[in-house]
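Each remark here refers to the structure printed beneath this line.
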Amino acid sequence: MEDDEGVASRGRAEEPAMMVTCPPCRVCGNQSVLDGVDALGYLEWSTLGKEIQNALPQLDADQRELLISGTHAHCWAALFGPEEE
Ligand SMILES: [Zn+2]
Numbered sequence: 011m012e013d014d015e016g017v018a019s020r021g022r023a024e025e026p027a028m029m030v031t032c033p034p035c036r037v038c039g040n041q042s043v044l045d046g047v048d049a050l051g052y053l054e055w056s057t058l059g060k061e062i063q064n065a066l067p068q069l070d071a072d073q074r075e076l077l078i079s080g081t082h083a084h085c086w087a088a089l090f091g092p093e094e095e
């Protein structure tokens, strides 16, 4: 077995990640913690005002909503009803 160390690993696995405590959910009051958030992207969003979907494209929409408002997807659904497509 050969190890292809260092090959084809550009830009992966070495990105600094951080744990972010979200604001309290406006519905249930619980705070979520997101782990593994890209630290650079988080800084770009939180301090530089970059669009969160551009700064943190690896997060899904529910995770972005948690960072922005702390509100859980299931709590939104309880407030506004299930989303229809
Ligand atoms: Zn909630």
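Here the sequence shown is numbered in the numbering used here, starting from 11 and rising by one per residue.
Positions of the beta carbon are idealized from the N, C-alpha and C atoms, including for glycine.
All values reported here derive from a predicted model rather than from experimental measurement.
One Cα belongs to Ala-71, the other to Gly-59, and the distance between them is close to 18 angstroms. Those residues whose C-beta sits under 5 angstroms from the nearest heavy atom of ligand 1 are, from N- to C-terminal order along the chain, Cys-35, Val-37, Cys-38, His-82, Cys-85. With a beta-carbon spacing of about 4 angstroms, Ala-65 and Gly-51 fall inside the 8 angstroms limit used to define contacts. Distances from the alpha-carbon of Arg-74 to those of Pro-26, Ser-56, Ala-88 put Ser-56 closest.
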